[in-house]
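Peer 1:
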Amino acid sequence: MKTYIPKNDEQNWVVVDAKDVPLGRLATLIASRIRGKHRPDFTPNIIQGDFVVVVNAQQVALTGNKLDGKVYTRYTGYQGGLKTETAREALKKHPERVIEHAVFGMLPKGRQGRAMHSRLKVYAGEQHPHSAQQPKTLEVK
Numbered sequence: 046m047k048t049y050i051p052k053n054d055e056q057n058w059v060v061v062d063a064k065d066v067p068l069g070r071l072a073t074l075i076a077s078r079i080r081g082k083h084r085p086d087f088t089p090n091i092i093q094g095d096f097v098v099v100v101n102a103q104q105v106a107l108t109g110n111k112l113d114g115k116v117y118t119r120y121t122g123y124q125g126g127l128k129t130e131t132a133r134e135a136l137k138k139h140p141e142r143v144i145e146h147a148v149f150g151m152l153p154k155g156r157q158g159r160a161m162h163s164r165l166k167v168y169a170g171e172q173h174p175h176s177a178q179q180p181k182t183l184e185v186k
């Protein structure tokens, strides 16, 4: 799978702190940043967005009754293998997947969307191993 990247394209790295930020606001910001919609030369068929590093994923805010009302389901492949868990359980076990699930739902479906998945790096705590890329901090309003 080859994707065309223009030669004059610079791909930045951005760090977003998810502490006390509502999940939906965070996911829309990240998805548009990964797609490259913030750029003046945005082209829908070219991947030219930024790499996004999310820290403090375990402290993301879910408003209202979403901690107990939002249910994630998956199917194991066996008969009767439907597994469900609430957002509260998911944040305790694997907080990275909650943000990934929200962002991946907002990215395009298909070959191009799957190629964009590798541009999101989510970490439960403060630390991340991408300091060599010199990421810039992005404030969420």
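Its first residue numbered 46, the sequence shown is counted upward by one per residue in this note's numbering. Heads up, the beta-carbon is just placed ideally off N, CA and C, and yes, glycines get one too.
1. Which residue or residues does DSSP assign as beta-bridge partners of L127?
2. What three-state label does DSSP hand F96 in the structure shown?
3. Using CA coordinates, which residue listed in I91, E145, K82, I92 is at the minimum distance from A63?
4. Just to confirm before moving on: does the CB-CB distance between L107 and A132 stay below 8 angstroms?
5. Taking only three categories from DSSP, how would you classify P153?
6. Nearest to A147 by CA position, among L136, A177, K82, is which residue?
7. Could you name the residues that DSSP lists as bridge partners for T182?
Peer 2: On the basis of the data shown:
1. BP columns for L127 point to Y120.
2. Secondary structure at F96: strand, using DSSP grouped into helix, strand and coil.
3. Just measuring C-alpha positions, the residue of I91, E145, K82, I92 sitting nearest A63 is E145.
4. A contact, by the Cβ cut-off of 8 angstroms.
5. Looking at P153 - three-state DSSP - the assignment turns out to be coil, as it is neither helix nor strand.
6. Taking only the C-alpha atoms, the option nearest A147 is L136.
7. Beta-bridge partners of T182 (DSSP): V60.
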